[in-house]
Amino acid sequence: MELCTRAYGHPDAVRLIARLQQVFVVRYGDEDVTPVDPAQFAAPRGHFVVGYLDREPVACGGWRAHDVAVDSIRPGDAEIKRMYTVDSVRGKGFARVVLAGLESAARAAGRTRMVLETGTRQPEAIGLYESSGYRPIDNFGVYRHHPDSLCYAKEL
1 MELCTRAYGH PDAVRLIARL QQVFVVRYGD EDVTPVDPAQ FAAPRGHFVV GYLDREPVAC
61 GGWRAHDVAV DSIRPGDAEI KRMYTVDSVR GKGFARVVLA GLESAARAAG RTRMVLETGT
121 RQPEAIGLYE SSGYRPIDNF GVYRHHPDSL CYAKEL
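All the letters of the sequence shown, read from the start, carry residue numbers 1 to 156 under the UniProt record's numbering.
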């Protein structure tokens, strides 16, 4: 898989994010309502990637910077958003490649910790993050009091 930096609004990113939102609809009954400004994923305060296999977009993910302490968010954090891999290539390690690329880009941008929110109905995401060294933290953001929400962090 070739990992390419893309704008959050790039057509391939938009298509993959739309597919991810449909996963949320199936698993939780609604799309992810976390406020997201596409500009947050532009360098130097963010990063977004699309993974291509045989020129087809099959995976994506991004991070956005945080510099104010809110809930369990700390200054210097990079929050992962919109991690997704299409069903046809799941289990082949592509999400792990995206995650490693995001961590590397965040580290290069001076970020000190990765944070993320996922849900109890996403066991494959939980498995990926926990096996990649992410540890539970107190919930943050719009899902801080949601019973199906889980938040994680990893020091960079």
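Even for Gly, the Cβ is constructed at its ideal location relative to N, Cα and C.
With respect to Val50, Asp77 sits apart: the two C-beta atoms are not nearer than 7 Å.
In the assembly as shown, Gly62 is a buried residue. Its beta-carbon has 16 or more other beta-carbons within 10 Å. Residue environment for His66: buried (at least 16 other C-beta atoms within 10 angstroms of its C-beta). Annotation for Glu124: the continuous alpha helix (DSSP H) segment containing it runs Pro123 to Ser131.
For Arg64, the uninterrupted beta strand (DSSP E) run begins and ends at Glu56 to His66, by DSSP.
Where Ser149 is concerned, the enclosing beta strand (DSSP E) starts and stops at Ser149 to Glu155. Within the same chain, Cβ atoms closer than 8 Å to the Cβ of Gly110 are found at Gly76, the five residues on either side in sequence being excluded. The three-state secondary structure of Gly119, taken from DSSP, is strand. At the C-beta level, Ala153 and Val98 stay beyond 7 Å of one another. Ile137 is a Cβ neighbour of Ser72, given a cutoff of 7 Å.
Residue nearest to Ala105 within the set Gly9, Asp30, Leu16 and Gly46 is Gly46 (criterion: CA-CA distance). Thr85 sits buried, since 16 or more C-beta atoms from the chains shown fall within 10 Å of its C-beta. Exposed is the label assigned to Arg121, since fewer than 16 other Cβ atoms lie within 10 Å of its Cβ. DSSP lists Leu3 and Ala59 as the beta-bridge partner residues of Gly51. Only residues of its own chain outside the window of five on either side were considered, and among them Pro38, Phe41, Phe48 and Gly62 have a CB closer than 7 Å to the CB of Tyr8, listed in chain order.
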